[in-house]
Amino acid sequence: MSMPVTETRSVVVERDIAHPPEKLWRALTQPHLIEEWLMKNDFKPVVGHSFNLRGDWGGVLDCKVLAVEPNKTLSYTWNFANPDPAFNIESVVTFTLTPTATGTHLRVEQSGFQPHHKQAYGGAHAGWKQFLEKLDQILARPE
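Using the working numbering, the first residue of the sequence shown is number 49, and each one after it goes up by one.
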């Protein structure tokens, strides 16, 4: 039996970070910091703001801020127009920050992968882990 085309999958990466939500929030919402751990951008933490993420690999992601709840939740579209259907993706990335006794639990979810996005889904799994390693390095710097 084949899966319906409407079925989508999500990439979820979670980790505990030894910094308060406020410090993590700055790294998620300040363009110069986003550029260091993710990509070049013209981001503003304002619902409805359209922006681009520009990768070193030459790709451009078209994004729009969907939700901003300071120090708690950030969500935006993550759309990549590509002539190859395997990479032509319209997805949503959501960052959820939960305070813990030792810092913050960060949950990153990228949703909207369809069955024919197998390679992009695998790439997102690896990519988010690399992005979050860079994010850890930025957070570890003295302020």
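We put the beta carbon where it would ideally sit given N, CA and C, even for glycine.
A Cβ-Cβ separation of about 23 Å leaves phenylalanine 143 out of contact with phenylalanine 135 under the 8 Å criterion.
Distance from the Cα of valine 61 is smallest, within the candidate group Ile186, Arg74, Lys177, for Lys177. Secondary structure note for glycine 151: its beta strand (DSSP E) is the uninterrupted segment 151-161. 9 Å or more divides the Cβ of aspartate 90 from the Cβ of threonine 148. In this chain, phenylalanine 179 is not harboured by any beta strand (DSSP E); it is covered by the alpha helix (DSSP H) spanning 166-188. When only Cα atoms are considered, serine 159 and threonine 150 end up about 28 Å apart.
According to DSSP, phenylalanine 99 shares a beta bridge with Cys111. For lysine 88, the three-state secondary structure derived from DSSP is strand. One thing to note: leucine 109 has its Cβ within 9 Å of the Cβ of tryptophan 126. A residue is called buried once 16 or more other Cβ atoms fall within 10 Å of its Cβ, and alanine 66, having fewer, is exposed.
A residue is called buried when at least 16 other Cβ atoms come within 10 angstroms of its Cβ; alanine 188 does not meet this threshold and is exposed. In this structure, leucine 114 keeps its C-beta atom at 9 Å or more from the C-beta atom of leucine 76. Straight-line measurement puts the Cα of proline 68 at about 30 Å from the Cα of arginine 57.
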